[in-house]
Amino acid sequence: MLNLQESVYRQIEEMVDDGEPIIYENHEVNKRLNIETYVVIVKSHSYIFRIYQGMLHSTGRISLKFMSVDINMFKAMTSNLDLGEVL
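Residue numbers for the sequence shown follow UniProt numbering, beginning at 1 and rising by one.
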């Protein structure tokens, strides 16, 4: 069985983002909830970034999800726009 980090990296390969620069990695364990998370942010050519998150649940099941961040999303996160203002 794959561990959490291997599962996230396999998802990165499947999305053809392997070889792209990794700009952030974080591994956290929440002992109270018995959940482990692994997050990787990859610089992407087709988008600005892609964020991958893997979660190892207390049942032993691993769930994976990803999200692409495009230029408009990036601007919204890094600007001083008021909420609801159109870019």
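Each residue gets a CB set at the ideal place from its N, CA and C atoms; glycine is no exception. Bear in mind that the values here come from a model prediction, so they are computed numbers and not experimental data.
As assigned by DSSP and simplified to three states, the class of residue i
i	result
M15	coil
R32	coil
E20	coil
T78	helix
N3	coil
Delimiting residues of the beta strand (DSSP E) encompassing residue i
i	result
K65	I62 to V69
I51	F49 to L56
With 16 other Cβ atoms within 10 Å as the buried cut-off, status of residue i
i	result
D17	buried
R32	exposed
E13	exposed
CB-CB length for residue i against residue j, believed under 8 Å
i	j	result
G60	V8	The Cβ separation is near 16 Å, so there is no contact.
Y38	S68	About 18 Å separates the two Cβ atoms, so there is no contact after all.
N34	S58	4 Å
> Can at least three beta-carbon pairs, one atom from the segment 19 to 27 and one from the segment 41 to 57, be found at a separation below 8 Å?
Replying inline: They touch, by the three-pair rule.
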